[in-house]
Structure formats: C-alpha cells, structure tokens
Amino acid sequence: MSTIQFGRVTEIIIGELKMSSQSLEIEFEIPFDDDPDPNISEIVVYNLSDTTLSKLKKGVKVTMNAGYNDDKGVILSGYVSKVASEKGGSDRATKISVIDSQPIDNKKTLKKSFKKGIKGEQILKELAKVLKLKIAVIKLPKNVVYKKGFSVNGSVVDAMKKIAKDCEASFYISRSSVYIRSIKEGDNTKFILKSDTGLIGSPEYFEEEKDGRVVKGYKVKSLLQYRMNTASIIELQSVFVKGKFRVRKGKHYRRGDAYYSEVEVIV
14 MSTIQFGRVT EIIIGELKMS SQSLEIEFEI PFDDDPDPNI SEIVVYNLSD TTLSKLKKGV
74 KVTMNAGYND DKGVILSGYV SKVASEKGGS DRATKISVID SQPIDNKKTL KKSFKKGIKG
134 EQILKELAKV LKLKIAVIKL PKNVVYKKGF SVNGSVVDAM KKIAKDCEAS FYISRSSVYI
194 RSIKEGDNTK FILKSDTGLI GSPEYFEEEK DGRVVKGYKV KSLLQYRMNT ASIIELQSVF
254 VKGKFRVRKG KHYRRGDAYY SEVEVIV
C-alpha cells in the first residue's frame, strides 16, 4: 500500500458548514452509475450540535471530499434531500440523504414538434433546458438527423433517453451534471490500480447483455479511491488482469473500519 494512503480523511461541506472526520464520526455510502436517474447517497454524522443541525436544510448544496491526508478529492456533489436525527444510547445519529443532481422532475411532460432535418444534439440541448439541467459533456457517436422531424408528447426524460439511444450514446448524471457520450468514452484519470495503490483481492469477471449488446468487464474492490467515478478511465494491474477500463458504476463506503470503493469496469 502506498504511503499516501495513511490517515483517512472525510470532509463534508453543506452550505457554509464544514464537517470533518478529524472531529466527528462520519459514515457514508455513495453510489454512482451511468444512467440518468439521480442517485441517493446516505451520510450519517454522530453527535452534531443543535446549532449545526438547525442549518441542515433540504435543497442546500453538498460537497464531500474523501481520501487520505496527502491525497483526497471529491466523491459527491449534490443537494440535501432529507435530514433525520435519532438518539441511540448516548449517541445521536443524523442521517443526511443527498441527491447527486439538482432535483429532476421525471414527471415533466412536453408537447412539441421539432422541424424536419433537426439533429439529435440540438434536440437534447433544448430538452435539457426544459429540465434545467447542466450539460457537462455532449459528444454523440452518431448525431442522428431526423428527416421527418421529431415529436415529444410526454415525458421529457424518456424523450432524452430515446434520442441518446438513437445516437448510440450513454446518458447519465454524475456530480450534478449531465453527460451524453459513447459508453466507451470517459475521463482519463491516469490512475493505475494495483495492490500497491489499494487493490483488494482479485478482479471478478462478468458478462451481460444490455440494450442488445454484450457487455464484458470486471468487478473490482479497492481502498477508497476518489478518482474512480462514473466514466473514469483507469488502468488495472492485477496478477491476471491488465489493461485500461472504463468505470460504469460503483460506490464509496465508510463504516467502522471499512473504508473502500467497489466498482464495475468495462472493456
């Protein structure tokens, strides 16, 4: 294990509040994936003061950093969706639920016809505005031309899913932003995951069919690693598996002595 992975650190910034694992006991489970449905993360902080509790409000921006003394980064960016506090023995646990996007109205509907010859990218951008979504990346493998035009008569999210599929793109939300690009596209972290940098055990091979295509990859577990997130490109070096892979989903987890990341990577 690298020496930089000593001294576990977790920081939570909620509005003007800043909480740290150096002074508070913090637990969390942060899921992430490559679909457009927002994920709900659960954070538990023990023995917060009444003053701090009073400042935890629904809709407030949340950023969580995690890692180690000499190497930490963002694992969650979102908004408070729910706060619940309960006392157990001498401790009071406050559970903070965080949605990793601005709340999306999945029931939002639209009745609109787009002109003949319009391209998929233009429609996607207009529909994102309807939902007030911030697009971080839009890079379509195939920018489909709808020669007869395109009509939306119902769910805006469903329309975006259909167009993304027509354009052979993956459509997902990560850290409060929308990404629409090839399932093979990602962000090169230049990170090498091996036993010395936190790899736990051996990668487990999987194969499944999704949207008519066979997806192959590995399930991987490591010491908590903030660089691994949806669409991160990582290099995996184990005894039997070597190569570059794209992260499609996973979670970051902390409870008791457990402090790890679990991800699925695809070829």
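Adding 13 to a residue's 1-based position in the sequence shown gives its number in the numbering used here.
Every residue, glycine too, gets a C-beta built ideally from N, C-alpha and C.
Everything numeric in this text was worked out from a predicted model, so none of it was measured.
**Q.** Alpha-carbon spacing of Arg259 relative to Phe204, whole angstroms
**A.** 12 Å
(Q) Whole angstroms are fine: how far does the CA of Ile148 sit from the CA of Lys138? (A) 8 Å
Q. Residues in its own chain within less than 8 Å of Ser168 by CB, not counting five upstream and five downstream?
A. Asn119, Lys120, Lys121 and Thr122
**Q.** Same chain, Cβ closer than 6 Å to Ile39, five either side skipped, listed in chain order
**A.** Thr23 and Val58
Q | Minimum length 3: unbroken beta strand (DSSP E) runs contained in the segment 230-260 | A | 245-250
Q.
I need the straight-line Cα distance from Gly130 to Asp179, nearest angstrom please.
A. 15 Å
Q) How many Å lie between Val228 and Phe45 at the Cα? A) 18 Å
Q.
Between the alpha carbons of Ser98 and Asn52, how many angstroms are there, rounded?
A. 21 Å
Q. Do Thr109 and Ile43 have their CB atoms nearer than 8 Å?
A. It should be noted that the sequence gives Ile, not Thr, for residue 109. No, the Cβ-Cβ distance between Ile109 and Ile43 is not below 8 Å.
Q: Could you check what DSSP says for Glu217 in three-state terms: helix, strand or coil?
A: strand
(Q) Between which residues of its own chain and Ile213 is the CB-CB distance below 8 Å, once the five residues before and five after are set aside? (A) Lys234, Ser235, Leu236 and Tyr273
Q) On the premise that Ala182 lies in contact with Leu153, defined as a C-beta separation below 8 Å, what is that separation, rounded to the nearest angstrom? A) 5 Å
Q: Enumerate in chain order the residues of its own chain whose CB-to-CB distance from Glu222 is below 8 Å, with the five nearest sequence positions on each side excluded.
A: Val228
Q) Is the CB-CB distance between Ser114 and Ser54 below 8 Å? A) no
(Q) Judging by CA-CA distance, which residue of Gln35, Ile247, Tyr185 and Ile136 is the nearest neighbour of Val150? (A) Tyr185
Q. Nearest to Pro49 by CA position, among Asp270, Ile112 and Asp84, is which residue?
A. Ile112
Q) What number of angstroms, rounded off, separates the C-alpha of Lys155 from the C-alpha of Lys125? A) 23 Å
**Q.** Euclidean distance between Cα positions of Gly256 and Lys232
**A.** 14 Å
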